[in-house]
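I have placed the structure first, in the form of structure tokens, so that the comments after it can refer back to it.
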Amino acid sequence: MGKEGKAIFRCQQCGYESSRWLGRCPDCGGWNTLIEEVFKEEKKYSLHPEGHSVPLPISKIEIEESKARYKTEISEFDRVLGGGIVPGSLILVGGEPGIGKSTLLLQIANSLSSNYGKILYISAEESLYQIKLRAGRLGVLAEKLFLVSETDIEVIKRHISEIKSKVVIVDSIQAINDYEISSSPGSISQ
């Protein structure tokens, strides 16, 4: 994608790219949706360091029943997930503003930390004070529930490494920022 110092304008609705700014996206027709992005350098990111992933036949993959799923004790949530949270999975909780996503996630974090150990709750939009107020209203006081208010992905990765939690909750992922990419949080390239 990016060469050092290369600037492009990317539509925030459809991803269309242009070498110059346009008032209207020619692809989706959106007005004022192109935002400038400057790429500093191309980097290769991977969840697995080179050489650590190996294709396996499905018949050779073993499932330990005791580690199969983390139950949240919120029956409808567990049911939607097929019986709980599968370790290593990524779950995106979506909905309109004010519908209760943060409240639900805090309740899930409380339950998981009480039953499974350390849980890291990263808030990118609310202060620790706001989360603590909500936690007080909900009766959430689990000692193994760790809270941090942060938007920088590098700092977040450090916290994840240090805490070594069973589950990481990020509220809200669209507010997280990688400062190596010159575009605003919530944009397509972020």
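First residue of the sequence shown? That's 0 in numbering that gives the first Met the number 0, and the numbers climb one at a time after it.
Where is the CB? At the ideal position from N, CA and C, for every residue including glycine.
Subject >> Residues sharing a beta bridge with Val154, DSSP >> reply: BP columns for Val154 are empty, so no partner.
Subject >> Segment contact flag, the segment 106 to 115 with the segment 61 to 76, C-beta cutoff 8 Å, min 3 pairs >> reply: yes
Original post:
Where does Asp170 sit, in a helix, a strand or coil, going by DSSP?
Top reply: strand
**OP:** May I ask which residues mark the beginning and end of the beta strand (DSSP E) holding Arg19?
**Re:** Arg19 -> no beta strand (DSSP E), and no H or E assigned at all.
Original post:
Between which two residues does the beta strand (DSSP E) harbouring Ile7 extend?
Top reply: Lys5 to Cys10
**OP:** Could you pull the start and end residues of the alpha helix (DSSP H) that Tyr115 belongs to?
**Re:** Lys100 to Tyr115
**OP:** Determine, using beta carbons only, whether Val139 comes closer than 8 Å to chain D.
**Re:** The structure shown contains no chain D, having only a single protein chain.
Original post:
Run through DSSP, which three-state label would Leu144 get?
Top reply: strand
**OP:** Identify whether Tyr120 lies in helix, strand or coil by the three-state DSSP scheme.
**Re:** strand
Original post:
Should Asp170 and Ser112 be called a contact, given that it needs their Cβ atoms to be closer than 8 Å?
Top reply: no
Subject >> Any alpha helix (DSSP H) of 4 or more consecutive residues that is wholly inside the segment 56 to 85 >> reply: 74 to 79
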